[in-house]
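What follows is a set of notes on a single structure, which appears directly below.
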DNA sequence: TACTATGCTCGTACGCTGTACGATAGTCAA
DNA sequence: TTGACTATCGTACAGCGTACGAGCATAGTA
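Residue numbers (our numbering), protein chains in the order written: chain A, 72 to 293; chain B, 72 to 293.
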């Protein structure tokens, strides 16, 4: 029976299957749509069966976050540190855009899972090998994480995901909320963005490169 | 009766009073401890009475976020842009540290409240007056917000708030989770931080000044 | 003064949540 | 055959947001 379970695709639960299905459900319906009963339904099981694999919903959420971390590319080892960091940051942004619920969950989860730790270790290793001192690598690691998660948090607030979606709603939705007499500067900004186009992915790279360049001088210092 | 309400301190509800009490309750008990019934209890009212002042719990949460924005200092007008931005960023960090639940709420709230808009307007104004072009001011505004909220998000994950608290638990709690054979670099980092001390407030300024310096060149460009 | 309209308060109830507890059935070792 | 162990899940409970509508005080009008 146990062997059947490990092989079987549809029948048989496992922590892995529960957590993966939870991620899919959250992707589809948002974190508010993720209840133990609904998750059990999606797995064709009774609600209480899930508690054989996860101790509580909290533990499930922790495990979901770690699945997300597993999806983020580790920094490649064969390039310079800036390219490596850029690559993993871009990957992280994509992953967090794919799982928008994840960023909101992070706030409440205090102890990092194994994939999270492995990821941090790889990033720190990359920075140390590039010549950052222990303390400077810590600063750099922290700042890069602040950038990636901060961007994802801000992006999650925006009601659009792509340049096209922005263009579609900007003129009708945003500008009317910003009357020029009350918000002259914001109105000006919004109008300029409408004219120039706005692409979150480009914005991400723009800020990321600023941060990377700002970190470069730390490499030589203690 | 209406007049009594406006003057009375204890009796008589109002949207203002409901929202402020909600913020206090969330500060005390976390956002999970904030239920309509408990909030009503704290106000000495029935649960359903609250719905005369807020249309739904969602609207209440929106209003709470805006109260938080109201607490953040606007950038002062009489100094150079970097000092002004530093000041408002430091204020924002303090406010978000005071209301740790706020950062988690932001993720799900898509339309900014009036205080939020006023704040953004003031920041944009400051940058434009300092010589940033419309587009560069937008970039700068975005990056600064990413930094402030990203930092707050990361800080919310840490199980300590001050340098002392970190020192207290670092050796007993963090290092054992990072065995040197599995996580050599993280272990090294953690050990170095224990030795050097770690203060979130200092870390905030460190990264903030990097970001501000990185933005300076944008001031002259289109 | 009597009647109505309006603003405010809140009791009750419904469908949902996470999960404690205990019953059940299948598998395996002795 | 027995007993232990694993896995499943039905039932129940306290708590959630809130729809609905009843009850009351006050203000405005006739």
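Glycine residues also receive a C-beta, built at the ideal position from the N, C-alpha and C atoms. These figures come from a predicted structure and were not determined experimentally.
If you draw a straight line from the Cα of residue 99 of chain A to the Cα of residue 204 of chain B, it comes to about 40 Å. Nearest C-alpha to residue 161 of chain B among B:275, B:152 and B:198: B:275. For residue 222 of chain A, the neighbours in chain B by C-beta distance under 8 Å run, in chain order, 217 and 221. Three or more beta-carbon pairs separated by less than 8 Å link the stretch 153 to 170 of chain B to the stretch 181 to 197 of chain B, which places the two stretches in contact.
Residue state for residue 186 of chain B is assigned as helix, using DSSP reduced to three classes. Of the candidates A:227, A:125 and A:283, the residue whose Cα lies closest to the Cα of residue 166 of chain A is A:227. Between residue 88 of chain B and residue 114 of chain B, the C-beta gap is smaller than 9 Å, which places the two residues in contact. By the CB criterion at 9 Å, residue 219 of chain A and residue 163 of chain A fall inside the cutoff.
B:265 is the residue among B:265, B:140, B:256 and B:225 whose C-alpha sits nearest the C-alpha of residue 240 of chain B. Judged by DSSP in its simplified three-state form, residue 244 of chain A adopts helix.
Scanning chain A for C-beta atoms nearer than 7 Å to the C-beta of residue 259 of chain B yields 205, reported in chain order. Residue contact check for residue 140 of chain A against chain B: no CB pair falls below 9 Å. The count of Cβ pairs closer than 8 Å, one atom from the stretch 177 to 194 of chain A and one from the stretch 132 to 148 of chain A, reaches three, so the stretches are in contact.
Note on geometry: alpha-carbon atoms of residue 269 of chain A and residue 238 of chain A lie some 8 Å from one another. In this structure, the straight-line span from the alpha carbon of residue 172 of chain A to that of residue 102 of chain A is close to 6 Å. Boundaries of the alpha helix (DSSP H) around residue 174 of chain B: 171 to 177.
Under the three-state reduction of DSSP, residue 293 of chain A is assigned to coil, being neither helix nor strand. As the crow flies, the alpha-carbon of residue 178 of chain A is around 33 Å from that of residue 149 of chain A. Between the alpha carbons of residue 131 of chain A and residue 174 of chain A lies a gap of roughly 15 Å.
By the criterion of a C-beta distance shorter than 6 Å, residue 155 of chain A is surrounded in its chain by 146, 147 and 197, once the five residues flanking it on both sides are discounted. With fewer than 16 other beta carbons inside 10 angstroms of its own, residue 229 of chain A counts as exposed. Assignment of residue 254 of chain A by DSSP, reduced to helix, strand and coil, places it in the coil class. Taking residue 260 of chain B as reference, the option from B:242, B:277 and B:291 with the minimal CA-CA separation is B:242. Taking C-beta atoms as the reference points, residue 117 of chain A and residue 126 of chain A fail to come closer than 9 Å.
Each residue's CA atom was taken as its position, placing residue 152 of chain A and residue 277 of chain A some 17 Å apart. The CB of residue 174 of chain B comes closer than 7 Å to the CB of 178 in chain A, given here in chain order. Interface residue (Cβ-Cβ distance to chain A less than 9 Å): residue 278 of chain B is classified as such.
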